[in-house]
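Working notes, structure below.
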Amino acid sequence: MSATDLPGSVEETQKLLARGGYVADKALATTVHLALRMGRPLFLEGEPGTGKTEIAKVLAQELPRRLVRLQCYDGLDLSAAAYEWNHARQLMAIRLAEASGQAQDRAALERGIYAREFLQERPLLQALSPEGGPAVLLIDELDRADEPFEAFLLEILADFQLSVPEFGTIRAAVPPVVIITSNRTREVHDAIRRRCLYHWVDYPDAARERAILKIRAPGVPERLSAQVVAFVQRLRGGDYFKLPGVAETIDWAAALAALDARELEPAAVDETLGVLLKYQDDIAKLRGAEAARLVAEAKQAAA
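To convert, note that position 88 of the sequence shown is 87 in numbering that gives the first Met the number 0; the numbers rise steadily by one, no gaps.
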């Protein structure tokens with residue numbers, strides 16, 4: 000990736016993110032800018048719903064680059080994440096060679112069936128491939144993958160290459176922009192962290208969350224938007240199993256607007272808590288008197 004493709008300053012990076020609808024504070028914009036200029040992977044950690052994945056999507060859209068996403072999960076292995084040999088095609092090639100009498104040269108046959116054409120690309124290898132142009136590689140929710148899987152990533156994060164024992168080393172002609180996210184359900188190993196620039200993505204403050212709502216839910220009345228943000232900001236200070244992220248704030252504001260609400264009312268809050276909270280114990284704890292109290296405080300703050 001040439002330097003001329005990239006924003007030239009932190010302010011330009013902040014504007015680039017804003018063009019894609021992402022409201023970033025100065026600290027986050029600085030880290031993203033440094034990752035782009037230095038060609039280093041970016042490791043984003045934080046609570047679910049704080050906008051970590053969205054950064055990769057916006058960068059892919061605005062740079063522009065193709066987005067290659069590896070969604071991590073328990074049991075993820077190299078064949079699903081990086082590459083796999085097409086055994087059916089290899090077997091067919093062997094049978095064709097035998098039928099044509101070319102199977103005597105076993106060494107040549109073995110080299111032939113481990114050619115690039117038989118290699119099935121998975122996300123990690125797709126991101127290194129020149130086809131389609133430079134990429135943004137999103138390794139999403141790395142903490143969900145098994146700890147040994149992290150070792151597979153070290154070569155890519157350090158050298159933007161992947162070694163395939165039967166084939167050789169595949170290097171990226173243009174290194175991808177690499178974004179790794181984690182919800183911190185477990186600690187990611189230091190070997191990964193050392194190869195990346197790091198940023199903790201926290202919940203936004205009230206002013207930034209209002210700005211996000213204005214972009215992401217433009218149909219929500221301004222008064223309702225301010226009250227929703229004030230309510231959610233106070234809610235996050237409580238003792239709940241799973242606090243709402245920005246995505247839930249956006250969904251809740253849009254849901255209230257769809258019900259023609261012009262401002263927060265305790266009854267409407269109680270009826271729509273399933274949009275904001277995702278666990279019954281949290282909903283039961285908030286519904287009723289506690290919700291009414293937060294509505295009153297939110298209205299006073301928004302006023």
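Heads up, the beta-carbon is just placed ideally off N, CA and C, and yes, glycines get one too.
Per DSSP, what are the beta-bridge partners of residue i in this structure?
{"i": "Y21", "result": "Partner(s): none; Y21 has no beta bridge."}
{"i": "V177", "result": "L136"}
{"i": "F42", "result": "I179, Y197"}
{"i": "I169", "result": "L161"}
{"i": "L293", "result": "None; L293 has no bridge partner."}
{"i": "Q119", "result": "E83"}
Look at the Cβ atom of residue i, then the Cβ atom of residue j, and state whether they are nearer than 8 Å.
{"i": "P265", "j": "A300", "result": "no"}
{"i": "T153", "j": "A81", "result": "The displayed chain sequence assigns Leu, not Thr, to residue 153. No. Outside cutoff."}
{"i": "V231", "j": "G48", "result": "no"}
{"i": "Y113", "j": "E165", "result": "yes"}
{"i": "L123", "j": "I93", "result": "no"}
{"i": "L319", "j": "V176", "result": "The shown model of the chain, from 0 to 302, leaves out residue 319, and the question about it has no answer."}
{"i": "V227", "j": "L263", "result": "yes"}
{"i": "L293", "j": "R235", "result": "no"}
{"i": "E146", "j": "R121", "result": "no"}
{"i": "P243", "j": "L212", "result": "no"}
{"i": "A225", "j": "R207", "result": "no"}
{"i": "L223", "j": "A205", "result": "no"}
{"i": "I178", "j": "A260", "result": "no"}
{"i": "G150", "j": "Y72", "result": "Checking the displayed sequence, the identity of residue 150 turns out to be Ala instead of Gly. Cβ atoms of A150 and Y72: not closer than 8 Å."}
{"i": "V135", "j": "L66", "result": "yes"}
{"i": "K241", "j": "Y278", "result": "yes"}
{"i": "T12", "j": "A26", "result": "no"}
{"i": "P133", "j": "R64", "result": "yes"}
{"i": "L306", "j": "F148", "result": "There is no way to answer for residue 306, as the model of the chain reaches only from 0 to 302."}
Who are the Cβ neighbours of residue i in its own chain at under 6 Å, not counting the five residues just before and after it?
{"i": "A171", "result": "L127, F159"}
{"i": "G19", "result": "V57, Q60, E61"}
{"i": "L16", "result": "A23, V57"}
{"i": "A157", "result": "R194"}
{"i": "E10", "result": "none"}
{"i": "R39", "result": "L196"}
{"i": "L77", "result": "F151"}
{"i": "S1", "result": "Interpretation of S1 is limited by its pLDDT of 48, a score under 50 that renders its predicted location unreliable; the figure taken from the coordinates is listed afterwards. No residues qualify anywhere along the chain."}
Give every residue of the same chain whose Cβ lies closer than 8 Å to the Cβ of residue i, excluding the five residues on either side of it in the sequence, and list them in chain order.
{"i": "T30", "result": "L41, L196, Y197, H198"}
{"i": "D269", "result": "R286, G287, A290"}
{"i": "Y21", "result": "G50, E53, I54, V57"}
{"i": "F303", "result": "Since the first residue shown for the chain is 0 and the last is 302, residue 303 is missing from the structure and cannot be characterised."}
{"i": "A267", "result": "L255, L258, A260"}
{"i": "D280", "result": "F240"}
{"i": "Q70", "result": "D139, E140"}
{"i": "Q119", "result": "Y82, E83, W84, N85"}
{"i": "V163", "result": "Y82, L118, I169"}
{"i": "I249", "result": "I211, L212, R215, A216"}
{"i": "A79", "result": "R121"}
{"i": "E191", "result": "Here residue 191 is Ile; the residue named in the question, Glu, does not match the sequence. Cβ neighbours of I191 beyond the five flanking positions: F42, L141, E149, L152, L153, L156, I179."}
{"i": "K14", "result": "P6"}
{"i": "M37", "result": "L196"}
By Cβ distance below 7 Å, which residues in the same chain neighbour residue i in space, the five residues on each side in sequence not counted?
{"i": "K51", "result": "L43, G45, T180, V200"}
{"i": "E296", "result": "R233"}
{"i": "G273", "result": "I282"}
{"i": "G237", "result": "none"}
{"i": "R68", "result": "P122, L137, D139"}
{"i": "A98", "result": "none"}
{"i": "G131", "result": "R65"}
{"i": "Q125", "result": "V67"}
{"i": "T271", "result": "W251, A254, L255"}
{"i": "G111", "result": "A92"}
Ignoring anything shorter than 4 residues or poking outside the region 132 to 162, list the alpha helix (DSSP H) runs there in chain order.
149 to 158
Tell me the start and end of each unbroken alpha helix (DSSP H) in the region 50 to 113 that is at least 4 residues and wholly inside, in chain order.
51 to 61, 77 to 80, 86 to 98, 105 to 112
List, from N- to C-terminal side, the beta strand (DSSP E) runs of 3 residues or more that fit wholly inside the region 194 to 245.
196 to 200
Is the region 244 to 261 touching the region 215 to 235, taking contact as three or more C-beta pairs under 8 Å?
The region 244 to 261 makes contact with the region 215 to 235, as at least three CB pairs between them are under 8 Å.
Whether or not the region 137 to 146 and the region 175 to 188 are in contact is what I'm after, with contact meaning three or more pairs of Cβ atoms, one per stretch, closer than 8 Å; do they touch?
Short answer: they touch.
Would the region 1 to 15 count as touching the region 186 to 196 if we require 3 or more Cβ pairs under 8 Å?
Contact between the region 1 to 15 and the region 186 to 196 is not established, with fewer than three Cβ pairs separated by less than 8 Å.
Quick one: which unbroken beta strand (DSSP E) runs of 3-plus residues sit fully inside the region 252 to 281? Chain order, please.
none
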